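Per the working numbering, the sequence shown starts with residue 3, numbered consecutively.
Worksheet: the structure to be examined is printed underneath.
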Amino acid sequence: MYSWIPFALFTFLLLYFFIAEHFLDKHYHDDYVRPDILTIPFAIAIVAAYAEYLIELHKQPSIKDHDSLIYIGLIIAIIGDSIRKTGIITLGKSFTLQISVWHDKEHHLITNGIYGLVRHPGYMGWYIWTLGTQIMLCNPICFIGFGIILFFFFKDRIEFEDDTLVLFFKDEYKEYKKKVPSGIPGIK
């Protein structure tokens, strides 16, 4: 495969990720200005992914010449993004990037749709999307590094969010948590 194709696909996936998230946010939260999803750590990760790709392409181009990995990674990334977007659409106005620490009267526990399969499809989808993009780029260092960093990021975030949801929904959330996995292996 031409060496610029994975680079271009990654750029397209990033643009789609941000544009789709922006439009979903505007659709569900007209009156709410959400914090920018492009945080400093996320920006650093993007730069690291591009840098690893370009450095390895220059130093050892054969490491990037795996058409099957490029296609597999692209499919995995699309699946991950689809899971995330399905979670956002299912929650609608209830979805935000900020974990609510106060219980809104309109805040209801959603356990249907994708939330009947996993408790945190947004996190699961983002995790899968991230790893898929690194498989597509044939970036072994970022694949391992991002996988480890995101695991611990999501572990802390899911534990905090689950504790908060137990405060809001009491036994209903405890039962839901017992029945439905988090969506990320190794995180209860």
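C-beta: ideal position from N, C-alpha, C; glycine also.
None of the values given here were measured: they were computed from a predicted structure.
Note the first and the last residue of the continuous alpha helix (DSSP H) segment covering residue i.
i, result
"lysine 190", "Note, lysine 190: premise wrong, no alpha helix (DSSP H); not H, not E."
"threonine 92", "69-93"
"isoleucine 42", "42-61"
"leucine 152", "142-171"
"isoleucine 21", "6-30"
Let's test the definition: count the other Cβ atoms within 10 Å of the Cβ of residue i and tell me whether it reaches 16, buried, or not, exposed.
i, result
"asparagine 114", "exposed"
"tryptophan 6", "exposed"
"phenylalanine 162", "exposed"
"leucine 17", "exposed"
"histidine 122", "buried"
"serine 184", "buried"
"glutamate 108", "exposed"
"aspartate 69", "exposed"
"alanine 51", "buried"
"phenylalanine 154", "exposed"
Just checking my contact of residue i with residue j at CB under 8 Å: how many whole Å lie between their CB atoms?
i, j, result
"glycine 127", "glycine 89", "6 Å"
"phenylalanine 12", "leucine 139", "6 Å"
"aspartate 165", "lysine 179", "Contact flag wrong, Cβ pair sits at about 10 Å."
"cysteine 144", "glutamate 23", "In fact, because the Cβ distance is near 21 Å, the residues do not count as touching under 8 Å."
"isoleucine 130", "isoleucine 91", "Between isoleucine 91 and isoleucine 130 the Cβ distance is about 17 Å, and since that is not below 8 Å, they are no contact."
"proline 8", "isoleucine 48", "Contact doesn't hold; Cβ gap of about 14 Å is too wide."
"threonine 135", "glycine 75", "7 Å"
"tyrosine 125", "phenylalanine 148", "In fact, because the Cβ distance is near 14 Å, the residues do not count as touching under 8 Å."
Pick helix, strand or coil for residue i, following the three-state DSSP scheme.
i, result
"arginine 121", "coil"
"glycine 115", "helix"
"aspartate 108", "For clarity, residue 108 is glutamate in the given sequence; the question names aspartate instead. In the structure shown, glutamate 108 sits in coil (DSSP, three-state: anything other than H, G, I, E or B)."
"threonine 135", "helix"
"glycine 127", "helix"
"isoleucine 65", "helix"
"serine 96", "helix"
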